[in-house]
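Read top to bottom, the protein sequences are chains A and B.
Residue numbers for the first sequence follow my numbering, beginning at 6 and rising by one.
Residue numbers for the second sequence follow my numbering, beginning at 6 and rising by one.
Note that CB positions come from ideal geometry on N, CA and C, so glycine has one too.
Since the model is a prediction, treat every value here as computed from it, not as a measurement.
There are 2 protein chains.
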Amino acid sequence: MPVKTKVKALDERTYDVCCPAVTAAPLDEADATDLARVLSALADPVRLRLLSIVASSPEVCSCDLENPLGKSQPTVSHHTKVLADAGLISGERRGKWTWWHANPDRLAAIRTALGG
Amino acid sequence: MPVKTKVKALDERTYDVCCPAVTAAPLDEADATDLARVLSALADPVRLRLLSIVASSPEVCSCDLENPLGKSQPTVSHHTKVLADAGLISGERRGKWTWWHANPDRLAAIRTALGG
DNA sequence: TGGTAAGATCGACACACGTCGATGTGACTC
DNA sequence: GAGTCACATCGACGTGTGTCGATCTTACCA
Numbered sequence: 006m007p008v009k010t011k012v013k014a015l016d017e018r019t020y021d022v023c024c025p026a027v028t029a030a031p032l033d034e035a036d037a038t039d040l041a042r043v044l045s046a047l048a049d050p051v052r053l054r055l056l057s058i059v060a061s062s063p064e065v066c067s068c069d070l071e072n073p074l075g076k077s078q079p080t081v082s083h084h085t086k087v088l089a090d091a092g093l094i095s096g097e098r099r100g101k102w103t104w105w106h107a108n109p110d111r112l113a114a115i116r117t118a119l120g121g
Numbered sequence: 006m007p008v009k010t011k012v013k014a015l016d017e018r019t020y021d022v023c024c025p026a027v028t029a030a031p032l033d034e035a036d037a038t039d040l041a042r043v044l045s046a047l048a049d050p051v052r053l054r055l056l057s058i059v060a061s062s063p064e065v066c067s068c069d070l071e072n073p074l075g076k077s078q079p080t081v082s083h084h085t086k087v088l089a090d091a092g093l094i095s096g097e098r099r100g101k102w103t104w105w106h107a108n109p110d111r112l113a114a115i116r117t118a119l120g121g
């Protein structure tokens, strides 16, 4: 049985994630590609740390990510975009700052797809 | 609190996986690197399908993977090695054939690290 | 209007990775 | 021992990705 959650990104686009559980039955190519795309967003140490920082707080400003991550501003911006495109975090522009928060439902959907 | 499971690979090496949950607190670099390494093994559509085929059966022979995956023998061998190195599957050589089975504990550990 | 500050985008570079033909390595059969 | 089969390893190729300096865009303030 497919496990899907609706996720709303910065641009208000919604999309599905994802996929029967890996352990239940052989995945078809489309489901495998979808799931691999989300996992690729997670499969980077900098993005994992970024996500953990955002998830540990109700809201985090981009400006508070550069120092803990030890990466340049363009690099941090790149990683927030990847995580946001994957639906794992969402950003809200307020004035000059962008505030990020985690989407725990998305993470839960991934756990389910991984046989949860 | 760290979530660890011992995993035994083909070469009898054992290692730990892994890591406080991403959602609990900011990950340090070492934990993030460990988790990213395992997730990288999963973040490929061919390997996800391979794992789902192996996990759906008590045991699968390498020779029964080429056709469903539509990949050459060296490519399949490469992917089984990546999954085995990550502890997600284990292989046993019997005569001319290698038989693979999934390690559900490892997948469960990843789910926990993902905030399960 | 001009200046500054936060963040996104661009361009370039180095490196990692998926893929497959060719070849190597054991194991089985005759 | 010769031949064959299953699988691993090697080498090479094209592509994808993380990184950062430079630049663009937008918002705020004097």
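Is it buried or exposed for residue i, if we count other Cβ within 10 angstroms and need 16 for buried?
i, result
"Ser-77 of chain B", "exposed"
"Trp-105 of chain A", "buried"
"Asp-33 of chain B", "exposed"
"Arg-116 of chain A", "buried"
"Gly-92 of chain B", "buried"
"Pro-79 of chain A", "exposed"
"Lys-11 of chain A", "With a pLDDT of 35 at Lys-11 of chain A, under the threshold of 50, the modelled position of this residue cannot be trusted; read the value that follows with caution. The residue in question, Lys-11 of chain A, is exposed, as its Cβ has fewer than 16 Cβ neighbours within 10 Å."
"Met-6 of chain B", "Confidence at Met-6 of chain B is low in this model, with a pLDDT of 24, below 50, so the placement of that residue is unreliable and no value is reported for it."
Per DSSP, what are the beta-bridge partners of residue i in this structure?
i, result
"Gly-96 of chain A", "A:Trp-105"
"Cys-66 of chain B", "B:Trp-104"
Compute the Euclidean distance between the alpha carbons of residue i and residue j, then round it to the nearest angstrom.
i, j, result
"Asp-36 of chain A", "Pro-73 of chain B", "15 Å"
"Ala-107 of chain A", "Leu-53 of chain A", "12 Å"
"Asp-110 of chain B", "Ala-118 of chain B", "12 Å"
"Asp-69 of chain A", "Leu-112 of chain A", "23 Å"
"Trp-102 of chain A", "Gly-120 of chain A", "38 Å"
"Lys-86 of chain B", "Arg-99 of chain A", "47 Å"
"Ala-89 of chain B", "His-83 of chain B", "10 Å"
"Ser-95 of chain B", "Asp-39 of chain B", "19 Å"
"Ala-114 of chain B", "Pro-25 of chain B", "10 Å"
Take residue i and list the residues in its own chain whose beta-carbon comes closer than 6 Å to its own, dropping the five residues that flank it on each side.
i, result
"Glu-97 of chain A", "Trp-104"
"Asp-16 of chain A", "Annotation note: pLDDT 39 at Asp-16 of chain A (below 50); position unreliable, coordinate value reported separately. Contacts found: none."
Leaving aside the five residues before and after residue i along the sequence, list all residues of the same chain whose C-beta is less than 8 Å from its C-beta, in chain order.
i, result
"Val-81 of chain B", "Leu-55, Ser-67, Leu-70, Glu-71 and Leu-74"
Considering only residues of the same chain and omitting the five flanking positions on each side of residue i, which have a CB-CB separation below 7 Å?
i, result
"Ile-58 of chain A", "Val-65, Leu-70 and Pro-73"
task: Count the CB pairs spanning the stretch 48 to 64 of chain B and the stretch 37 to 48 of chain A that are closer than 8 Å, and state whether there are at least three.
output: The way I'd put it, the stretch 48 to 64 of chain B does touch the stretch 37 to 48 of chain A; three or more beta-carbon pairs between them come closer than 8 Å.
message: For the stretch 58 to 69 of chain B against the stretch 26 to 35 of chain B, do three or more pairs of beta-carbon atoms, one drawn from each stretch, fall closer than 8 Å, so that the two count as touching?
response: Judged by pairs of C-beta atoms under 8 Å, the stretch 58 to 69 of chain B does not touch the stretch 26 to 35 of chain B, as fewer than three such pairs exist.
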